[in-house]
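Read in order, the letters of the sequence shown correspond to residues 1 to 496 in full-length UniProt numbering.
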Amino acid sequence: MKLKPLLLPILITSLSFTACGGDDNNYSSSNQPLEKPKPPVTTPQFDGELLEAGANGNVSEFGGATRLKKERTQAMRESLSDKTVKHVILFIGDGTSDSEITAARNYAEGAAGYFKGLDVLPFTGSYTTYSLNKDGEVDYVTDSAASATAWASGIKTYNNALGLDIRGNHHATLLELAKKAGFATGNVTTTELQDATPAALVSHISARKCYGPNETTKRCPESALENGGLGSITEQLLTTRADVTLGGGKKTFYEVAKAGPFKDKTLLERAKLENYRIVEDLNSLKAVDSANQNQPLLGLFADGNLPVIWSGPVTQLNGHKKGAESCRDNSAFSVQTPRLAQMTEKAIELLSNNEKGFFLQVESGSIDKRNHAADPCGQIGETVQLDEAIQVALKFAKEHGETLIVVTGDHAHTSQIIPINGDSPGQTAALKTKDGVAMAINYGTAPEGSSQHHTGAQVRIAAYGPRAANVSGLLDQTDLFFIIRDALGIQQNVSR
């Protein structure tokens, strides 16, 4: 199906960092910019415009709240390009839909403000995220495994599954196909590397919690190496061998292989024997100047998920009526823990050394996790991290015109903005926004103290660069697989 580009306003968010928890690594106003990525030999320009999405004036005056700066028809026409794509950078905000984006924008930029990454992409649409049950019936609320499998492999599947369809058949992932076609590949996240979104690119397994050999023997015996399977998620990650892999989940690498050529060795020992370069802090990451199949880069920056950058008030019943608070820096976030933008910039720098190009997925994963925990500041701060990383990628894309950037979420989530004086049966808190007023955030999909649930709404998707017009109108999550595969000129059969 050939999609017509729609002239839709960009609403995907890009959070600024001056509003809460002052940090030396802020990207829209930083005094300490990151090192510039090394450009490839040729740097064709892309003439597509980024949008300036802030309000035009005093929002209380006629026309003041409008965001349209000028007639966009010609600019959008000039942004249309079907030329060859050399690099694809896919950004995933886990559990990030319009509610999360709007709350984050209101807090960090104010109601009339805009994000300089998330809000400036010229093509935008929405996609459906439903999954399937094993009998083929629709499940209207997906989990992160089924949703990631949809864009990573182009197939609907059941919640909990990675890289498999409902019949158990394996389907090749974008990362596997890109690597086979000669592209450099990268997988970056703020969560455990074994978590569903990054794992969907590198594994094929029936249960997303089969992180290491121990759980795989219990939960996914058909995949266990001792039973002739592909192994746990971590073992498959090492086998898939992306050029750059950065995130958390170090504790699983201390598990011992039960079969195969590395039997009785830890997975970390296996990685070293297979010549992975392993880094565990920001300084070590900055020192890396190459990553390829001869020596892939494996960054393990936390035993579990990386700490979030912000913390704040605890939500509770009628918590929003107890006064508005500001978010603050999370003391658990070490100066040696890389921010998502720093991991993204290093990944781009290293992958762009490949003459053919690269495919890179970048996830801000704890937007979802702090949503589950009903933690508004944690959630908003991780949306800020997503925007920081997008700003880095947009700078690269403006200088290297064969770059397609796509930004989306994997599913909708629970957080809502509610009236500041309203009543709610959910957990709430009030935050003081950049506008200087209180914003009430509500979490009401599970009882207080329980993990909040995903929701089933469609999710925003936006793009910039060649072939970005395919990201417009209403799509399904599976469309993203084919958009990226075809943009890179990969025509292999999807099935493994």
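Where is the CB? At the ideal position from N, CA and C, for every residue including glycine.
Start and end residues, beta strand (DSSP E) containing residue i
i	result
Val406	Thr403 to Gly409
Tyr107	It is not in any beta strand (DSSP E) - Tyr107 instead sits in the alpha helix (DSSP H) that spans Asp98 to Glu109.
Arg241	Note, Arg241: premise wrong, no beta strand (DSSP E); not H, not E.
Arg277	Arg277 to Val279
Phe359	Phe358 to Ser364
Val392	No beta strand (DSSP E) contains Val392, which is instead part of the alpha helix (DSSP H) from Pro376 to Glu399.
Asn442	Ala438 to Tyr443
Ala429	Gln427 to Lys432
Cutoff 6 Å; reference residue i; Cβ partners in own chain excluding five residues on either side
i	result
Leu282	Gln336 and Pro338
Lys346	Leu285
Ala389	Leu340, Ala341, Thr344 and Val362
Phe262	Arg270
Leu350	Val244 and Ala291
His411	Thr129, Thr142, Ser147 and His454
Lys86	Gly357 and Glu402
Ile155	Asp165 and His171
Per-residue DSSP class, three states only, for residue i
i	result
Thr66	coil
Leu90	strand
Thr315	coil
Val138	strand
Val459	strand
Gln416	strand
Ser131	strand
Ile348	helix
Glu215	helix
Glu192	strand
Gln491	coil
Asp289	coil
Lys321	helix
Pro39	Only weak support is given to the placement of Pro39: the predicted model assigns it a pLDDT of 43, under 50, and the value that follows is read from those uncertain coordinates. If DSSP states are grouped into helix, strand and coil, Pro39 belongs with coil.
Val306	Checking the sequence, you will find Leu at residue 306 rather than Val. Note: Leu306 maps to coil in three-state DSSP.
Thr234	helix
Leu340	helix
Asp23	Residue placement at Asp23 is poorly supported in this model, since its pLDDT is 41, which falls under 50; the coordinates are not used for a value here.
Pro33	Per-residue confidence for Pro33 stands at a pLDDT of 38, beneath the threshold of 50, marking its modelled position as unreliable; no derived number is given.
Assumed close pair residue i, residue j - CB separation to whole angstroms, cut-off 8 Å
i	j	result
Ser415	Ser99	5 Å
Leu90	Gln361	5 Å
Ile233	Gln194	5 Å
Pro122	Ala468	7 Å
Ser451	His372	5 Å
Asp408	Ile367	Reading off the sequence shown, one finds Thr at residue 408, where the question assumed Asp. With a Cβ gap of about 12 Å, Thr408 and Ile367 do not count as contacting.
Thr189	Thr197	6 Å
Phe301	Gly365	That belief does not hold up - the Cβ atoms of Phe301 and Gly365 are roughly 13 Å apart, past 8 Å.
Tyr443	Thr266	About 39 Å; that fails the 8 Å criterion.
Val88	Ala487	6 Å
Span of the alpha helix (DSSP H), counted from its first residue to its last, around residue i
i	result
Asp479	Gln477 to Ala487
Ala75	Thr73 to Ser79
Thr149	Ser144 to Ser153
Leu267	Leu267 to Leu273
Identified DSSP bridge partners for residue i
i	result
Gln295	BP columns for Gln295 are empty, so no partner.
Phe123	Ala463
Lys170	Looking at the sequence provided, one finds His at residue 170 rather than Lys. According to DSSP, which records beta bridges pairwise, His170 is partnered with Leu164.
Thr185	Phe359
Arg328	Ser311
Val256	Thr266
Leu246	Val188 and Gly299
Ile367	Looking at the DSSP assignment, Ile367 forms no beta bridge with any residue, so it has no partner.
Gly473	Gly125
Tyr158	Leu132
Cβ-based neighbour list, residue i, same chain, cut-off 7 Å, excluding 5 preceding and 5 following
i	result
Ala146	Ser131, Thr157, Tyr158, Asn159 and Ala161
Ala53	Ile10, Arg67, Tyr114, Asp119 and Val120
Gly64	Ala55, Asn56, Gly57 and Asn58
residue 518	An answer regarding residue 518 cannot be provided, because it is not within the stretch 1 to 496 covered by the chain.
Lys209	Glu215 and Arg219
Leu246	Val188, Gly299, Met343 and Ala347
His320	Ile420, Thr428, Ala429, Ala430 and Ala440
Ser203	Leu162, Gly163, Ile233, Gln236 and Leu237
Ala207	Asn160, Arg219 and Cys220
Neighbourhood of residue i by C-beta distance below 8 Å, restricted to the same chain and skipping five residues each side
i	result
Ile309	Gly21, Asp23, Asp329, Asn330, Phe333, Arg339, Gly381, Glu382, Val384 and Gln385
Leu474	Gly125, Ser126, Tyr127, Thr128 and Gln458
residue 498	Lying before the first or after the last residue shown, residue 498 is absent from the chain, which here runs from 1 to 496.
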